[in-house]
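Reviewing the structure listed below.
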Amino acid sequence: MKLATWNVNSLRVRLPQVLDWLTRYRPDVVCLQETKTEDRNFPAAEFEAAGYHVACSGQKTYNGVAIASRRPLKELARTLPDFPDEQKRLIAATVDGVRLINVYVPNGAAVGSEKYDYKLAWLQSLRRYAGVQMKRYPKLALLGDFNIAPEDRDVHDPEAWQGSVLVSGPEREAFRALLELGLVDVFRRFDQPPESFSWWDYRAAAFRRNHGLRIDHILCSRALAETCTCCTIDREPRALERPSDHAPVVAVFR
DNA sequence: ATGGCTTGAGTGTCAAGA
-2 MKLATWNVNS LRVRLPQVLD WLTRYRPDVV CLQETKTEDR NFPAAEFEAA GYHVACSGQK
58 TYNGVAIASR RPLKELARTL PDFPDEQKRL IAATVDGVRL INVYVPNGAA VGSEKYDYKL
118 AWLQSLRRYA GVQMKRYPKL ALLGDFNIAP EDRDVHDPEA WQGSVLVSGP EREAFRALLE
178 LGLVDVFRRF DQPPESFSWW DYRAAAFRRN HGLRIDHILC SRALAETCTC CTIDREPRAL
238 ERPSDHAPVV AVFR
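Read in order, the letters of the first sequence correspond to residues -2 to 251 in this note's numbering.
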């Protein structure tokens, strides 16, 4: 199984790039974030024509997540059980016995802000949900845009970013708490190029200068991680005209 | 240099992203 995650920053704008990427890379499953599309406007027909089943949870203007899968999507869930919230940031489904939890973790705006507190509370609730789901589904992937760079090597300029949102201590602790459930960051299971990032600011030629962060992740239960044969970041779509600011992350399982 | 681009909403200009 080839599994991917991609924050597309507006599915309406990025749909041609997404469909082209699906046609060329043929992932079995792709998890999308920041679709910014209400469910009634979701381009389901285009995905189905490309050979994918789709499930979405979207809203106007902000957030929104979706899963496209070549095999049927079962046991769909769209909420964190103990976190009542209007923001559409999670969608879970089972594909061929593998549980997939696709998340768009809140950005957090600035350390100490209301949005930052909301991010940490959301992550605490996610940890509880992931723990419960892992007991029920031995093969599980928690993947998406985590808006956290877990270590300094995931940051182009750790000194400049020191203590700020996306890298702050409490955010990294929340990420480690997910790993402590037994989840594995499969990207780090393999040798990777130095300065591997998944997001680059649109401004200041950040992509050209590789001024990025690694904030998009594929975390797998041990049983699933054991079958992972590679995990890579595909930088190509980031170099296109009118790109998303995020690149897809892809993992392959035998 | 707290800017720098991009998107959606909506038609002037701002919030939000990371």
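Ideal Cβ positions, reconstructed from N, Cα and C, are used throughout, including at glycine.
Inset, instruction - Kindly give me the distance between the Cβ atoms of Val246 and Phe172, rounded to whole angstroms, as I take these residues to be in contact under 8 Å. - result: That pair is no contact at about 15 Å.
Inset, instruction - Confirm, please, whether the CB-CB distance from Ala74 to Leu29 is below 9 Å. - result: Taking 9 Å as the Cβ cut-off, Leu29 and Ala74 do not qualify as a contacting pair.
Legend entry - Beta-carbon proximity list for Lys116, same chain, < 6 Å, skipping 5 on both sides: Exclusion of the five residues before and after Lys116 leaves Pro103, Gly105 as the residues of its chain whose Cβ lies within less than 6 Å of its Cβ.
Legend entry - Exposure of Thr226, with buried meaning 16 or more beta-carbon neighbours within 10 Å: exposed
Legend entry - Cβ neighbours of Gly298 in the same chain (closer than 6 Å, five flanking residues each side left out): In the structure as shown, the chain starts at -2 and stops at 251, and residue 298 therefore has no counterpart that could be examined.
Legend entry - Beta-carbon separation (whole angstroms), Leu70 vs Ala47, contact threshold 8 Å: Between Leu70 and Ala47, the beta carbon gap of about 15 Å keeps them out of contact (Cβ cut-off 8 Å).
Legend entry - Buried or exposed by the 16-neighbour rule on C-beta atoms within 10 Å, applied to Glu192: With fewer than 16 other Cβ atoms within 10 Å, it is exposed.
Inset, instruction - Return helix, strand or coil for Val162, following the three-state DSSP convention. - result: If DSSP states are grouped into helix, strand and coil, Val162 belongs with coil.
Legend entry - DSSP beta-bridge partners of Leu216: Paired residue(s): Leu139, Asp182.
Legend entry - Inter-residue spacing [alpha-carbon to alpha-carbon] between Val108 and Phe143: 16 Å
Inset, instruction - Tell me whether Glu31 is buried or exposed, calling it buried when 16 or more other Cβ atoms sit within 10 Å of its Cβ. - result: buried
Inset, instruction - Mind reading off the beta-carbon distance from Val26 to Val100? Whole number of angstroms is fine, and I expect it under 8 Å. - result: At roughly 14 Å, the Cβ-Cβ gap does not stay under 8 Å, so Val26 and Val100 are not in contact.
Legend entry - Secondary structure of Thr226, DSSP reduced to three states: strand
Inset, instruction - Give the range of the alpha helix (DSSP H) segment to which Glu111 is assigned. - result: Segment 111 to 133, the alpha helix (DSSP H) holding Glu111.
Inset, instruction - Given a cut-off of 9 Å, decide if Leu87 and Leu175 are closer than it, judged by their beta-carbon atoms. - result: no
Legend entry - Nearest-angstrom beta carbon gap, Gln14 and Arg234 [assumed within contact, 8 Å]: Correcting the residue identity first, residue 234 is Pro in this sequence and not Arg. Contact flag correct, Cβ pair sits at about 6 Å.
Inset, instruction - Could you tell me whether the segment 130 to 146 touches the segment 157 to 168, using the rule of 3 or more Cβ pairs below 8 Å? - result: yes
Inset, instruction - Whole angstroms is fine: what's the gap from Pro40's alpha carbon to Ser122's? - result: 30 Å
Legend entry - Contact check, Gln84 vs Tyr59, beta carbons under 9 Å: yes
Legend entry - From Ser110, Gly160, Ala222, residue whose alpha carbon lies closest to that of Phe187: The shortest C-alpha separation from Phe187 is found at Ala222.
Inset, instruction - Please name the residue in Val10, Tyr49, Lys136 whose C-alpha comes closest to that of Phe250. - result: Lys136
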